[in-house]
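Asker:
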Amino acid sequence: MSLIHLRRPTKTANASSTTCPGIGRRVGDYPNIKPLVPIRYTNTTTTNNNNNNSNSPLTTNNTRSNLITKSDIDIQKENKFKQIFEQSNIDLNELRKASWNGIPKQYRAQAWKLLCGYLPSKVERREDTLTRKRNEYWSYVSQYYHTRTDSEHQDTFRQIHIDIPRMNPLMPIFQQTVVQELFERILFIWAIRHPASGYVQGINDLVTPFFVVFLSEFIENDVEIENFDISSIPETNRKIVEADSYWATSHLLEGIQDNYTFAQPGIQYKVRTLEELVKRIDEPLYRHLKNQHIEFLQFAFRWMNNLLMRELPVRCTIRLWDTYLSEQNGFSQFHLYICASFLVRFSKDLLREKDFQGILLLLQNLPTHSWTSNDISILTAEAYQLKIKIFLINLFDKSYIMSTITNKQKLVEQLRAEANIERVKVSIVCKDLIKFCQDHESGDVLVRGWAGFARENPFKEKQGCVTL
């Protein structure tokens, strides 16, 4: 028996402020479908309830004094971000921790620019940096954009020009000529400056969340972005949104560029890895898909190519990217655990489908149109637990011996470096094990070999305690 006590990714309901109004549509929406996951509000600071014997990580104290309302969560989160942004030199580690569970809308644009490395953490450097980077982008436009009709570039531009109108067809803002021309410039300049991959279908979708978030800095909170007339804001502001979107997209693509090079080896590898993950965590589903001759590449290629953007409403993609941007290797590695958890979420529905056509149709049109930021919070928490579980299983499969302090320290270092856990304490079964847990209750605690976990662990009902 092993125990890992994780404090960060609790399955809490996120504030409504972490979503953007009017961006709930996606390709393939189904009307009148209820959300598959109920909204859950949990208290991450609740102590044990002596009358509650559940081992669930979602266990909460039902007493009125311990309840945290949605508005309380909103206020706490906003206060935390206010404290972070009041600093003249922002602590990026603190920002990442705070952003993992969602960013309040009014802080999101600035937070994303910081997490991308586009905006300096020191306040006094920001204005000069932004001016320089924005001017640099527009110098690229002046230098390269007129070549879009040249014979060597016209195929690239033609494909971009074809793809953009297909992007988010249910959102009127993306059918505006001004917006489409903005996307054409961003994508063409990126393709010219990255000849190893050039433009590949799917990259156009990745600009969308940055565009929506950065545009929100210039419009009122109660305005629905999907119907917003972008020509109503000054051209200067439109140019700022365009340049910032270019640099943020470039940062994202740096980490996943092998997804878009010749033969797309990054996607091929990730689909194989996803298949292996699902086989480990939900073998009945894996066998069902194989028995019906479903290949993971048939549905998961799009998940990797578009980062699930075709499967989720834009508001949910934006919330998910809060986590990706704050998670180490979020787009390249953590996305795999998100995809695995996402697929398993629909395991029962898929098992009910008895033929190839029914399974594939469901996989290509999963009913997520009513999902909220709360569903994404649950998904990210499940993915994080899966990431840690797989990491530890892999360690133990390699016969790590925990009897010496050297090997203990090695595990601690690997957990910190590879699993992105900052505070870790490790112990072997001993007569003082309960005292050890009490002493390290505030940290992330890993324990192996505790046969009496269920009856002896004084923290067995604490949130974040997951048996492995």
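All residue numbers for the sequence shown refer to full-length UniProt numbering, where the first residue is 1 and numbers rise by one.
Each residue gets a CB set at the ideal place from its N, CA and C atoms; glycine is no exception.
(1) Using 10 angstroms around the beta-carbon of S142, count the other beta-carbons present and answer buried if the total reaches 16, otherwise exposed.
(2) Pull up the distance between the alpha-carbon of F157 and that of I256, whole angstroms please.
(3) Using the rule of at least 16 other Cβ atoms within 10 Å of the residue's Cβ for burial, across every protein chain shown, is Q385 buried or exposed?
(4) Can we say the region 232-244 touches the region 279-297, given the rule of at least three CB pairs closer than 8 Å?
(5) Does the Cβ of P104 have 16 or more other Cβ atoms within 10 Å, making it buried, or fewer, making it exposed?
(6) Going by the beta-carbon positions, is the gap between S121 and A111 smaller than 8 Å?
(7) For K122, which three-state DSSP category applies?
(8) Does N135 pass the burial test, meaning 16 or more other C-beta atoms within 10 Å, or should it be called exposed?
(9) Tell me the start and end of each unbroken alpha helix (DSSP H) in the region 164-227 that is at least 4 residues and wholly inside, in chain order.
(10) Taking the alpha-carbon of L130 as reference, which of F85, S245, S332, V314 has the nearest alpha-carbon?
(11) Excluding five sequence neighbours on each side, which residues of the same chain lie with their C-beta closer than 8 Å to the C-beta of Y137?
(12) Taking the beta carbon of F334 as the centre, do at least 16 other beta carbons fall within 10 Å, making it buried, or is it exposed?
(13) Can you tell me the Cβ-Cβ gap for D163 and N204, rounded? I've got them flagged as a contact below 8 Å.
(14) Between D375 and T208, what straight-line distance do the alpha-carbon atoms span, to the nearest angstrom?
(15) Using CA coordinates, which residue listed in I173, D229, E283, S370 is at the minimum distance from F344?
(16) Strictly by DSSP, which residues pair up with N259?
(17) Can you give the Cα-Cα distance for F331 and L307, rounded to whole angstroms?
(18) Taking only the alpha-carbon atoms, compute the straight-line gap between C116 and F210 and give it to the nearest angstrom.
(19) In chain order, what residues of the same chain have a beta carbon less than 8 Å from the beta carbon of Q176, not counting five sequence neighbours either side?
(20) V278 and L297 - do their beta-carbons sit closer together than 8 Å?
(21) Buried or exposed: where does K387 fall if 16 or more other Cβ atoms within 10 Å of its Cβ makes it buried?
(22) G202: buried (16+ other C-beta within 10 angstroms of its C-beta) or exposed?
(23) Could you please give the first and the last residue of the uninterrupted alpha helix (DSSP H) stretch that includes H288?
Answerer: Inspection of the coordinates gives the following:
(1) exposed
(2) 22 Å
(3) buried
(4) no
(5) buried
(6) no
(7) strand
(8) exposed
(9) 177-193, 203-215
(10) S245
(11) I189, E242, A243, Y246, W247
(12) buried
(13) 5 Å
(14) 21 Å
(15) What sits at residue 344 in the sequence shown is Val, not Phe. Answer by Cα proximity: E283.
(16) For N259, which the question treats as bridged, DSSP gives no partner whatsoever.
(17) 8 Å
(18) 11 Å
(19) D229, I230, S231
(20) no
(21) buried
(22) buried
(23) 283-291
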